[in-house]
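Visitor:
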Amino acid sequence: MAVENVIWPVYIDASKSRSEGRRVPLDTAVEEPTVDEIAEAVQQVGYDAVIERDVTHPREWDSRGRVLVKGAEDSTKNDLVQAVAAYVGILRG
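Quick note: the sequence shown, position 34, residue 88 per this note's numbering, numbers continuous.
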């Protein structure tokens, strides 16, 4: 079975602290990332993305959804999240 990585918006949200779930440095993080931006970034990195809109991160109240990343067995979760954060930043220009 394929390994699925999950990327929650909180992982790359500049308004969150590390203890609130942010996983990237502030200079890589973006304000209020959306699952649509994350999914687009995942595809830019070269993986398939599936958006799940009706789920809420355990540390958050808002249901912002999450993105399932398919076929990313060759990448560590940390590398994947860093790359996605960087791409969302680029997409916002």
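C-beta atoms are modelled at their ideal positions from N, C-alpha and C, and glycine is treated no differently.
#1: Specify whether the stretch 118 to 130 and the stretch 103 to 110 touch according to this definition: at least 3 beta carbon pairs, one from each stretch, less than 8 angstroms apart.
#2: Cutting at 8 angstroms between CB atoms, please list the residues of its own chain near Val-60, excluding the five before and the five after it.
#3: Please report the Cβ distance between Val-66 and Val-84, rounded to the nearest whole angstrom; I am assuming they are in contact, meaning their Cβ atoms lie under 8 angstroms.
#4: Looking at the secondary structure, which residues open and close the beta strand (DSSP E) in which Ala-61 lies?
#5: So is the beta-carbon of Ala-139 under 7 angstroms away from any non-hydrogen atom of the ligand MG?
Guide: A quick look at the data gives this:
#1: The answer is yes - the stretch 103 to 110 touches the stretch 118 to 130, with three or more Cβ pairs under 8 angstroms.
#2: Result list for Val-60: Arg-120, Val-121, Leu-122, Val-123, in chain order.
#3: According to the sequence provided, residue 66 is Ile. The question's Val does not apply to it. For a cut-off of 8 angstroms, the C-beta gap from Ile-66 to Val-84 is around 6 angstroms, short enough to register as a contact.
#4: The identity of residue 61 in the sequence shown is Ile, whereas the question assumes Ala. Segment 58 to 61, the beta strand (DSSP E) holding Ile-61.
#5: With respect to the ligand MG, the structure shown offers nothing to examine, as it has no ligands at all.
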